[in-house]
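Engineer: Input: one structure, supplied below.
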Amino acid sequence: MKIAIAGAGFTGAVLAHKFADNGYSVDVYDSRNHIGGNCCSEIDVETGIIIHKYGPHIFHTDNESVWQFINQFSEFMPYVNRVKTVVDSNVYSLPVNLHTINQFFGKTFSPNEAKSFIKSISDQSIETPETFEQQALKFVGRDLYEAFFKGYTVKQWGIEPDKLPASILKRLPLRFNYNDNYFNHKFQGMPKHGYTAIFEKILDNKKINLRLNNKINSKQSKEYDHIFYTGPIDEWFDHVYGRLGYRTLDFKKEVHDGDYQGCAVMNYGDQGVPYTRISEHKHFSPWNNHDKTIIYKEYSRNCEADDIPYYPIRLVKEKNMLMNYVNLAEKQEGISFLGRLGTYRYLDMDVTIAEALSAADTVVDCISKNKKIPVFFVNPI
Ligand code: UDP
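When we follow the working numbering, the leftmost residue of the sequence shown carries the number -9, and every step to the right adds one.
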């Protein structure tokens, strides 16, 4: 069986690894000159600092088998994501926790007092929040919403929060204690030598043939019995129904001496500040020492034809367009669509890996039983 995988990010790499383990040879294509997709890291030549080339990636999961899987390929160093935010010339702790509430309102509330206070200032008349704004007003009330979420979200998404779904904000916790861990997951860490080192190991198998700088086209695709496509689904179909909307990011790099901001990620809630956040990369690997430092100022904007897609927008218009692509895809033979771009969903790294592991098992089973390989392994709608 001749298998091609389009994309060497987590979905493509994990699929290739599992197929190779099961004795299949695979050709892995990627249009870029590196493996790892948007998780790619590289060592900066001038400073030796591990850079997250496409923005911060912190590994966190509750999924024990994913954690075990990824730990085969790297030592993971203890790392807790602690994010700060600058709002109106003050620095606050995120996610919104007891410290944030006390600092913002100039109080010394206990957990119960803070809970009652937030209840008194939040909008309890909203029963089932549908928009980001409703979710925020119900969750923390207007003052905290306008300080921490409104400006940041307009910059990040280019859309007013009353037009965005509540699900985006539901990713963030609200805590009535001093726990400032950005994530609630059981496992969290950073790969000791960066993410690219993980991809090198995942893909290290004689049966895996890497074809970088190479976008698989429909002519080449005929050479294969099956293609696992992890690129943008609309691109595969030459955008016949239009372009699915994404946000892309621009990073402005600066090199400084010493410590620039004292933490890895500093958000900027004010709408007047053009960037959403600044990442200081050496703080992602605090076990290394560097005299110099590199920061990335992060700017979000609409993704144009030649940009790298990051965040799927997934509003009503895009969902309708996605439906057309999904219907078209379902009619195809010899191709499956997977991953963040193939299914047009926001996916954390652990979910991406879990889905790829499960898809690979399904594929191996289908091949052994001579059954049709599914076009989708999850419902993208
Ligand atoms: N968000 C915000 N203010 C912040 C951080 C996040 O308003 O300081 C909102 C924003 O809309 C963002 C969403 O919460 O898209 C989810 O945040 P998360 O940190 O998960 O974003 P990601 O790391 O995926 O960019």
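Backbone N, C-alpha and C fix where the C-beta goes; we use that ideal spot for every residue, glycine too.
This structure is a prediction, so every number in the text was calculated from the model and none was measured.
#1: Is THR75 buried or exposed, if buried means 16 or more other CB atoms sit within 10 Å of its CB?
#2: Is it buried or exposed, GLN178, if we count other Cβ atoms within 10 angstroms and call 16 or more buried?
#3: If I'm right that VAL70 touches LEU200 with Cβ under 8 Å, what's the distance once you round it to whole angstroms?
#4: Roughly how many angstroms lie between the CA atoms of ASN167 and GLN261, to the nearest whole one?
#5: Return the chain-ordered list of same chain residues with a C-beta closer than 6 Å to the C-beta of ILE91, the five sequence neighbours on each side being excluded.
#6: DSSP has GLY179 in a bridge; who is on the other side?
#7: Which residue comes first and which comes last in the alpha helix (DSSP H) that contains PHE122?
#8: May I have the straight-line CA-CA distance separating TYR265 from LYS140, to the nearest angstrom?
#9: Buried or exposed, going by whether 16 or more other CB atoms sit within 10 Å of the CB of GLN58?
#10: Go ahead and label ALA346 buried or exposed: buried means 16 or more other beta carbons lie within 10 angstroms of its beta carbon, across all protein chains shown.
#11: Give me the Cα-Cα distance between GLN251 and LEU305, rounded to the nearest whole angstrom.
#12: If you draw a straight line from the C-alpha of MET180 to the C-alpha of PHE274, how long is it?
#13: What's the C-alpha gap between ILE192 and SER15?
#14: Is it buried or exposed for THR220, if we count other Cβ within 10 angstroms and need 16 for buried?
#15: Ends of the alpha helix (DSSP H) at HIS7?
#16: Within 7 Å: the Cβ of TYR142 and any heavy atom of ligand 1?
#17: Which residues mark the beginning and the end of the alpha helix (DSSP H) in which ARG330 is found?
#18: Quick test of your reading: ARG161 and ARG237, contact by CB under 8 Å. State the CB separation rounded to the nearest angstrom.
#19: Residue ranges of each beta strand (DSSP E) run of no fewer than 3 residues wholly in the region 234 to 284, ordered along the chain?
#20: Assuming GLY377 contacts VAL77 under a Cβ cut-off of 8 Å, what Cβ separation, rounded to an integer in Å, is found between them?
#21: Do TRP226 and ligand 1 come close, with the Cβ less than 7 Å from some heavy atom?
#22: In whole angstroms, give me the CA-to-CA distance for VAL365 and ASN169.
#23: On a Cα-Cα basis, can you pick out the residue from ASP240, VAL354, PHE95 and PHE122 that is closest to ALA156?
#24: Taking the alpha-carbon of GLN322 as reference, which of GLU136, SER211, TRP147 and ILE198 has the nearest alpha-carbon?
#25: Say the cut is 7 Å; is the CB of LEU193 nearer than that to a heavy atom of ligand 1?
#26: Say yes only if the C-beta of LEU159 is nearer than 7 Å to one or more non-hydrogen atoms of ligand 1, and no if none qualify.
#27: Taking the CB atoms as reference points, tell me whether VAL86 and LEU164 lie closer together than 8 Å.
#28: Kindly provide the ranges of any beta strand (DSSP E) runs that are 3 or more residues long and lie completely inside the region 163 to 229, ordered along the chain.
#29: If contact is defined by three or more beta carbon pairs under 8 Å, each pair taking one atom from either stretch, is the region 222 to 232 in contact with the region 308 to 322?
#30: Using only the alpha-carbon positions, how far apart do GLY324 and ILE363 sit?
#31: For the structure I just gave you, are there three or more beta carbon pairs, one from the region 127 to 134 and one from the region 104 to 117, closer than 8 Å?
#32: Counting C-beta neighbours from all protein chains within 10 Å, is the total for HIS42 16 or more, i.e. buried, or is it exposed?
Structural biologist: Per the coordinate set shown:
#1: Here THR75 is buried, its C-beta having at least 16 other C-beta atoms within 10 Å.
#2: A residue is called buried when at least 16 other Cβ atoms come within 10 angstroms of its Cβ; GLN178 meets this threshold and is buried.
#3: About 34 Å separates the two Cβ atoms, so there is no contact after all.
#4: Rounded to whole angstroms, ASN167 to GLN261 spans 28 Å at the Cα level.
#5: The beta carbon of ILE91 lies closer than 6 Å to those of ALA104 in the same chain, with the five residues before and after it left out.
#6: DSSP output for GLY179 lists PHE49 and PRO68 as bridge partner(s).
#7: It spans 122 to 129 - the alpha helix (DSSP H) in which PHE122 sits, taken as one unbroken run.
#8: In this structure, the straight-line span from the alpha carbon of TYR265 to that of LYS140 is close to 14 Å.
#9: Sixteen is the threshold: since fewer than 16 other Cβ atoms of the shown chains lie within 10 Å of the Cβ of GLN58, the residue is exposed.
#10: It counts as buried.
#11: If you draw a straight line from the Cα of GLN251 to the Cα of LEU305, it is about 35 Å long.
#12: For MET180 and PHE274, the gap between their C-alpha atoms comes out near 7 Å.
#13: Cα atoms of ILE192 and SER15: separation of roughly 14 Å, rounded to the nearest angstrom.
#14: THR220 is buried by the Cβ-count criterion.
#15: Per DSSP, HIS7 is one residue of the alpha helix (DSSP H) stretching across 0 to 11.
#16: The beta carbon of TYR142 sits closer than 7 Å to at least one heavy atom of ligand 1.
#17: Where ARG330 is concerned, the enclosing alpha helix (DSSP H) starts and stops at 329 to 332.
#18: Not confirmed; about 15 Å, so no contact.
#19: If one requires a minimum length of 3 residues, the beta strand (DSSP E) runs lying completely within the region 234 to 284 are 236 to 247, 255 to 258 and 267 to 270, in chain order.
#20: The structure shown does not extend to residue 377, since the chain is modelled only from -9 to 371, so the question has no answer here.
#21: Incorrect: TRP226 has no Cβ contact closer than 7 Å to ligand 1.
#22: The straight-line gap from Cα to Cα measures roughly 42 Å.
#23: Of all alpha-carbon atoms in ASP240, VAL354, PHE95 and PHE122, the one lying nearest the alpha-carbon of ALA156 is that of PHE122.
#24: SER211 is the residue among GLU136, SER211, TRP147 and ILE198 whose C-alpha sits nearest the C-alpha of GLN322.
#25: Result no, Cβ not under 7 Å from ligand 1.
#26: Indeed, a heavy atom of ligand 1 lies less than 7 Å from the Cβ.
#27: Against a cut-off of 8 Å, the Cβ pair of LEU164 and VAL86 comes out as a contact.
#28: List check, beta strand (DSSP E) in window: 177 to 181, 198 to 201 and 216 to 219.
#29: At 8 Å Cβ cutoff, the stretches touch.
#30: Whole-angstrom Cα-Cα distance: 8 Å.
#31: The region 127 to 134, when compared against the region 104 to 117, does touch it at the 8 Å Cβ threshold.
#32: So HIS42 counts as buried.
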